[in-house]
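Asker: Below is one structure. I have some questions about it.
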Amino acid sequence: MKILILLKNYFLKYDNLFFTLLILILVSHAHSNRFIQDDAYISYRYAENFANGIGLVFNQGEHVEGYTNFLWTVIISLGILFGATPESFSIFVGLFFLLITLYIYKYISKFSIGDRLIELCFLGALGFTYSFSAYATGGLETSLLTLLVSISILLAAKILKDPNNSLKWFPMLGLIFASMILTRPDSALICSVVSLFLIFYTGLNHERRHVLFSVYGFLLLTLAFFVIIGPWLIWKINFYGTIFPNTAKAKIVGINPYVLFMGGEYLNNFIKIYWLGPLLVYGTIIYFAKLRSFSPAGHLGILIFFIQSFYIVLIGGDFMEFRFFIPFIPPLILFLFESASLAEHKKVFSSVIALSIISASFIFRNADRNGRIERFPTGIETVHRLKTNLTRPETDWITVGKMLNRSFPDRNIKIASMPAGAIPYFSKLYSIDMLGLNDSNVDNREYFGVNPWGKPGHRFFAKFGYLRKQGINLVIGNGAIRFTSLPIESDLRFFLPFISDEEITSVDRSRIVKIPIDGDRSLIALYLNDSPLIDAYIKEGKWILNR
Numbered sequence: 162m163k164i165l166i167l168l169k170n171y172f173l174k175y176d177n178l179f180f181t182l183l184i185l186i187l188v189s190h191a192h193s194n195r196f197i198q199d200d201a202y203i204s205y206r207y208a209e210n211f212a213n214g215i216g217l218v219f220n221q222g223e224h225v226e227g228y229t230n231f232l233w234t235v236i237i238s239l240g241i242l243f244g245a246t247p248e249s250f251s252i253f254v255g256l257f258f259l260l261i262t263l264y265i266y267k268y269i270s271k272f273s274i275g276d277r278l279i280e281l282c283f284l285g286a287l288g289f290t291y292s293f294s295a296y297a298t299g300g301l302e303t304s305l306l307t308l309l310v311s312i313s314i315l316l317a318a319k320i321l322k323d324p325n326n327s328l329k330w331f332p333m334l335g336l337i338f339a340s341m342i343l344t345r346p347d348s349a350l351i352c353s354v355v356s357l358f359l360i361f362y363t364g365l366n367h368e369r370r371h372v373l374f375s376v377y378g379f380l381l382l383t384l385a386f387f388v389i390i391g392p393w394l395i396w397k398i399n400f401y402g403t404i405f406p407n408t409a410k411a412k413i414v415g416i417n418p419y420v421l422f423m424g425g426e427y428l429n430n431f432i433k434i435y436w437l438g439p440l441l442v443y444g445t446i447i448y449f450a451k452l453r454s455f456s457p458a459g460h461l462g463i464l465i466f467f468i469q470s471f472y473i474v475l476i477g478g479d480f481m482e483f484r485f486f487i488p489f490i491p492p493l494i495l496f497l498f499e500s501a502s503l504a505e506h507k508k509v510f511s512s513v514i515a516l517s518i519i520s521a522s523f524i525f526r527n528a529d530r531n532g533r534i535e536r537f538p539t540g541i542e543t544v545h546r547l548k549t550n551l552t553r554p555e556t557d558w559i560t561v562g563k564m565l566n567r568s569f570p571d572r573n574i575k576i577a578s579m580p581a582g583a584i585p586y587f588s589k590l591y592s593i594d595m596l597g598l599n600d601s602n603v604d605n606r607e608y609f610g611v612n613p614w615g616k617p618g619h620r621f622f623a624k625f626g627y628l629r630k631q632g633i634n635l636v637i638g639n640g641a642i643r644f645t646s647l648p649i650e651s652d653l654r655f656f657l658p659f660i661s662d663e664e665i666t667s668v669d670r671s672r673i674v675k676i677p678i679d680g681d682r683s684l685i686a687l688y689l690n691d692s693p694l695i696d697a698y699i700k701e702g703k704w705i706l707n708r
């Protein structure tokens, strides 16, 4: 017993050192979980074109907003300008944002939990959560949005903690809101939740002075917000012709039972994988029993998580492993540990929560990294699957892109590909995104068909007639690589899974071409519109037609 007391006293004396060491361990753990996914290369292509003076475009001369992460893309372009590769720069920046995020939640937990040992458990459980740790990287804007959400919760808590000195925080919150919109436009939902929460809490305080402070504060917040958002919207309208990203047309299919089922399964898998069900029940019971004892950060955090979860279900979730939940995992775990801190045996319950989340995370991490779970029945792809899509032998999209780049140094070939990231990025060729995210014609049913059962972001697909009209020479489709020992005459559905029966009959199967990659591997593609260079490759026997 005396040893435990001595250890506790030692920890309390050097608590900041322990927290710093833990945070460094968690950042190192995230580095060990680092990965890049194919969708990141869409942002990289926009960023590279922007850095090269072509503009924020996917194809030169086509003003289509096929990204939803303006601020992140601009940040990546700065790295490219200074000579960094987008992959290494995005990983570095993502880990840096994680470092700041962990320090911010360390600070938030100090005045919401109020027990240093429980705060340490909270930070450890958060940082070791596998999906949260892995998505510090990934190449997309997730880590940036997670940081901005943490700052918004911190500023809201500061405003409510000391209303008399809150005016200085409102303009900063307005800038954070603007940054969130620039990072992901649907962050407007979170901005609205935080704003309404502040208004509600202020309304509970009937002191006239505090109400006036809030009125002035929201005026400053609005001014700071539109100083940033206003010019951006004007630029968007002038450059793209609309304020809405093209991805909205490619992803939004309306609310129907199938979409709700997909969204519900996305939420269910997240809760099930991390053993959160019993913890949420327990936390909710404590929450309503100790409602008045909860901190503003605790109230706001769980409100944000539940509203965001409802939104994620409505849009049908995502095909990437729990990516949409990442910015809201910290407030959820904070809520659970604050609930534990208000219980009778708080250290016991805190230990149970920490061990449960960390154990679930390491079990899932081990299964994922060993390839035992690559995707869920609803099409959700794990971090391991997203990472290996770029390099595993049967896809290897990076190698495919580089091979096309070497084959067509004059850039006078047009390709169409379903994986719209690495293949277009490394090939440097004019590319049609067959899923329509980067194509302004995606809402034209003459050009794009609909697959109502597709996973999120994969419900529209380019028709052959449209590809012919656009002058596409090579249809890469799914980027499928076949080994030469396999029969070359394969079903078109293998690499064009959404092709209709009518279109199959219109395709000349003798135009299926086998393009050598390396060793015994070849890319299977469809030679659509004629090209003198491709004809030369075929004539020389470098590429083989399916005759």
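Residue numbering for the sequence shown follows my numbering, beginning at 162 and increasing consecutively.
Beta carbons are placed, not taken as given, at the ideal position from N, Cα and C, and that holds for glycine.
Apply the 10 Å Cβ neighbour rule to R484 and answer buried if 16 or more other Cβ atoms are within range, or exposed otherwise.
Answerer: buried
Asker: Roughly how many angstroms separate the alpha carbons of F498 and M564, rounded to a whole number?
Answerer: Cα to Cα, the separation comes out at about 51 Å.
Asker: Taking K412 as part of the alpha helix (DSSP H), name the residues at either end of that continuous run.
Answerer: 407-412
Asker: Looking at Q198 and L547, is the spacing between their C-beta atoms short of 7 Å?
Answerer: Yes; because the gap between Cβ atoms is below 7 Å, this pair is in contact.
Asker: Verify whether the separation of the beta carbon atoms of F386 and A339 is less than 7 Å.
Answerer: yes
Asker: Since L381 contacts G335 with CB under 8 Å, what's their CB separation in whole angstroms?
Answerer: Contact flag correct, Cβ pair sits at about 7 Å.
Asker: Report the three-state DSSP secondary structure of E248 (helix, strand or coil).
Answerer: helix
Asker: Please state whether the Cβ-Cβ distance between I269 and A458 is less than 7 Å.
Answerer: Yes. Within cutoff.
Asker: Between the C-alpha atoms of Y443 and I390, what's the straight-line distance to the nearest angstrom?
Answerer: 41 Å
Asker: Under the three-state reduction of DSSP, which class applies to E664: helix, strand or coil?
Answerer: helix
Asker: Identify the continuous beta strand (DSSP E) that holds S592 and give its terminal residues.
Answerer: 591-594
Asker: Buried or exposed: where does F625 fall if 16 or more other Cβ atoms within 10 Å of its Cβ makes it buried?
Answerer: Counting Cβ neighbours within 10 Å, F625 comes out buried, since at least 16 surround it.
Asker: Bridge partners of M333, per DSSP?
Answerer: M333 pairs with nothing; no bridge assigned.
Asker: Using DSSP with H/G/I as helix, E/B as strand and the rest coil, what is D604?
Answerer: coil
Asker: By a C-beta neighbour count over all protein chains shown, 10 Å radius and 16 as the cutoff for buried, is P439 buried or exposed?
Answerer: Within a 10 Å sphere around the beta-carbon of P439 sit fewer than 16 other beta-carbons, which makes this residue exposed.
Asker: Taking the alpha carbon of F709 as the point to measure from, which residue in A201, V310, N399 has its own alpha carbon closest?
Answerer: Any question about residue 709 goes unanswered here, given that the chain covers just 162 to 708.
Asker: Where does I695 fall in DSSP's three states?
Answerer: Looking at I695 - three-state DSSP - the assignment turns out to be helix.
Asker: For the ligand ADP, is there any heavy atom lying closer than 6 Å to the beta carbon of K319?
Answerer: The ligand content of the structure shown is nil, which means the ligand ADP is not present either.
Asker: Enumerate in chain order the residues of its own chain whose CB-to-CB distance from P491 is below 6 Å, with the five nearest sequence positions on each side excluded.
Answerer: Y266, L287
Asker: State the beta-bridge partners of A528 as determined by DSSP.
Answerer: Residue pairing by DSSP places A528 in no beta bridge whatsoever.
Asker: Of all the alpha helix (DSSP H) runs that stay within the bounds of the stretch 217-262, which reach a length of 4 or more residues?
Answerer: 231-242
Asker: Do I642 and E701 have their CB atoms nearer than 7 Å?
Answerer: no
Asker: Does Q221 pass the burial test, meaning 16 or more other C-beta atoms within 10 Å, or should it be called exposed?
Answerer: exposed
Asker: With 16 as the cutoff for other CB atoms within 10 Å, does E542 come out buried or exposed?
Answerer: Under this definition E542 is a buried residue.
Asker: Between the alpha carbons of Y435 and Y627, how many angstroms are there, rounded?
Answerer: 44 Å
Asker: Since V636 sits in a beta bridge, which residues does DSSP pair it with?
Answerer: A577, L687
Asker: Which residues bound the alpha helix (DSSP H) around P457?
Answerer: 457-475
Asker: Can you tell me which of the three DSSP states G299 falls into?
Answerer: The answer is strand: DSSP assigns G299 an E or B state.
Asker: Alpha carbon to alpha carbon, how far is R606 from K589? Give it in angstroms, no decimals.
Answerer: 28 Å
Asker: Can you name, in chain order, every residue of its own chain whose Cβ lies under 7 Å from the Cβ of I404, other than the five neighbours on each side?
Answerer: L394, K397, I398
Asker: Which value, in whole angstroms, describes the spacing of the CA atoms of P613 and Y419?
Answerer: 8 Å
Asker: Nearest-angstrom Cα distance between L129 and F180?
Answerer: Past the boundaries of the shown model lies residue 129; the chain is included only from 162 to 708, so the question cannot be answered.
Asker: Would you kindly work out how many angstroms separate the C-alpha atoms of M595 and A411, rounded to a whole number?
Answerer: 11 Å
Asker: Is DSSP giving R572 helix, strand or coil here?
Answerer: coil
Asker: Are the CB atoms of T298 and I252 nearer to each other than 7 Å?
Answerer: yes
Asker: Just to confirm, is the Cβ distance from Y291 to R526 under 7 Å?
Answerer: yes
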